[in-house]
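*Asks:* In the numbering used here, the protein residues as written are 191 to 307.
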């Protein structure tokens, strides 16, 4: 399964993230940007720690990622260490361009790691 999701992520700009609503318990999906490094996908919430989907992940870490008809259910780990967040944001800049990251991500205080394996 890990190889299938890796193949599905090739050349993709955004993926679908599904979290469990912390208040409603419903499944909520959002398109999100991502970067891949080694055996993990990293996500940065647009509004940082204020993001609803980030708050949902903190409450219920089991999430689903989907791309090109392939889905992966996994446990997401919030990252709050400023050095790690800075590294992940730099990966976003490398992939999407510094101007877009600066424009679309005003608060860059957290990230989320999702293992692919």
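All residues carry an ideal CB built from backbone N, CA and C; glycine is no exception.
(1) Report the three-state DSSP secondary structure of residue 301 (helix, strand or coil).
(2) Which of the three DSSP states is assigned to residue 241 in this structure?
(3) Give me the Cα-Cα distance between residue 204 and residue 271, rounded to the nearest whole angstrom.
(4) Less than 9 angstroms between the C-beta atoms of residue 226 and residue 269, yes or no?
(5) Use the C-beta contact count for residue 235: other C-beta atoms within 10 angstroms, 16 or more gives buried, fewer gives exposed.
(6) Compute the Euclidean distance between the alpha carbons of residue 278 and residue 232, then round it to the nearest angstrom.
(7) Quick check on this structure: which residue in 295, 242, 200 and 230 has the alpha carbon closest to the alpha carbon of residue 267?
(8) Straight-line CA distance for residue 237 to residue 280?
(9) With respect to the beta strand (DSSP E) encompassing residue 232, which residues constitute its N-terminal and C-terminal limits?
(10) By a C-beta neighbour count over all protein chains shown, 10 Å radius and 16 as the cutoff for buried, is residue 214 buried or exposed?
(11) With a 10 Å radius around its C-beta and 16 neighbouring C-beta atoms as the bar for buried, classify residue 301 as buried or exposed.
(12) Is the separation between the beta-carbon of residue 209 and that of residue 218 shorter than 9 angstroms?
*Replies:* The short version:
(1) In the three-state scheme derived from DSSP, where H, G and I count as helix and E and B as strand, residue 301 is classed as strand.
(2) Looking at residue 241 - three-state DSSP - the assignment turns out to be coil, as it is neither helix nor strand.
(3) Those two C-alpha atoms are separated by around 24 angstroms.
(4) Their beta carbons are not under 9 angstroms apart, which means residue 226 does not touch residue 269 by this criterion.
(5) Here residue 235 is buried: its Cβ has 16 or more other Cβ atoms, across all protein chains shown, within 10 Å.
(6) Using only the alpha carbons, I get a separation of about 7 angstroms.
(7) The residue from 295, 242, 200 and 230 with its alpha-carbon nearest to that of residue 267 is 230.
(8) Between residue 237 and residue 280, the C-alpha separation is close to 17 angstroms.
(9) Unbroken beta strand (DSSP E) run through residue 232: 230-233.
(10) Exposed, since its Cβ has fewer than 16 Cβ neighbours within 10 Å.
(11) Flag for residue 301 reads buried.
(12) With contacts defined by Cβ atoms closer than 9 angstroms, residue 209 and residue 218 form a contacting pair.
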